[in-house]
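What follows is a short report on a single structure.
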Amino acid sequence: MNLGQNYLALAVKDISASLAFYQKLGFEPVPDCGGIDQKWLMLKNGETQIGLFQGMFPENVITFNPPNVRSIQKSLKVEGIQIDNECDETNTGPAYIMLKDPDGNQILMDQH
Numbered sequence: 625m626n627l628g629q630n631y632l633a634l635a636v637k638d639i640s641a642s643l644a645f646y647q648k649l650g651f652e653p654v655p656d657c658g659g660i661d662q663k664w665l666m667l668k669n670g671e672t673q674i675g676l677f678q679g680m681f682p683e684n685v686i687t688f689n690p691p692n693v694r695s696i697q698k699s700l701k702v703e704g705i706q707i708d709n710e711c712d713e714t715n716t717g718p719a720y721i722m723l724k725d726p727d728g729n730q731i732l733m734d735q736h
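And the structure:
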């Protein structure tokens, strides 16, 4: 199961304040990946990437960008894993699913 790239999506209260904080830690915005005006953006420091999202998620989310979220959804169903938000398996292109781990941590699998 190829989960693709991984990052932590942080639910922030003030995206400008969060951006300023993470820039002090050496993170820089990823070009063409959101923006302050869109209330989300991706930041990178070396190989480490995080996302800042204001008003999109109620809490922090572990995020994966798999190449084929539909096949992952099918595999998870076979394994008996509950999927909170399923995607349409008959379509192609961008889609996402959401699930929770045993401790209630949200996991987003988002195919671009």
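Last residue of the sequence shown: number 736 in this note's numbering, and the count goes up by one each step with no gaps. Just so it is clear, CB atoms sit at the ideal spot from N, CA and C, and this is done for glycine as well.
Counting every other CB atom within 10 Å of its CB across the protein chains shown gives P726 a total below 16, marking it as exposed.
Three or more beta-carbon pairs separated by less than 8 Å link the segment 647-654 to the segment 665-683, which places the two stretches in contact. Between M733 and V693, the CB-CB gap stays under 8 Å. Residue state for I731 is assigned as strand, using DSSP reduced to three classes.
Taking a cut-off of 8 Å on C-beta distances, the segment 677-694 touches the segment 632-639, as three or more cross pairs fall below it. Between E683 and N630, the alpha-carbon positions lie close to 17 Å from each other.
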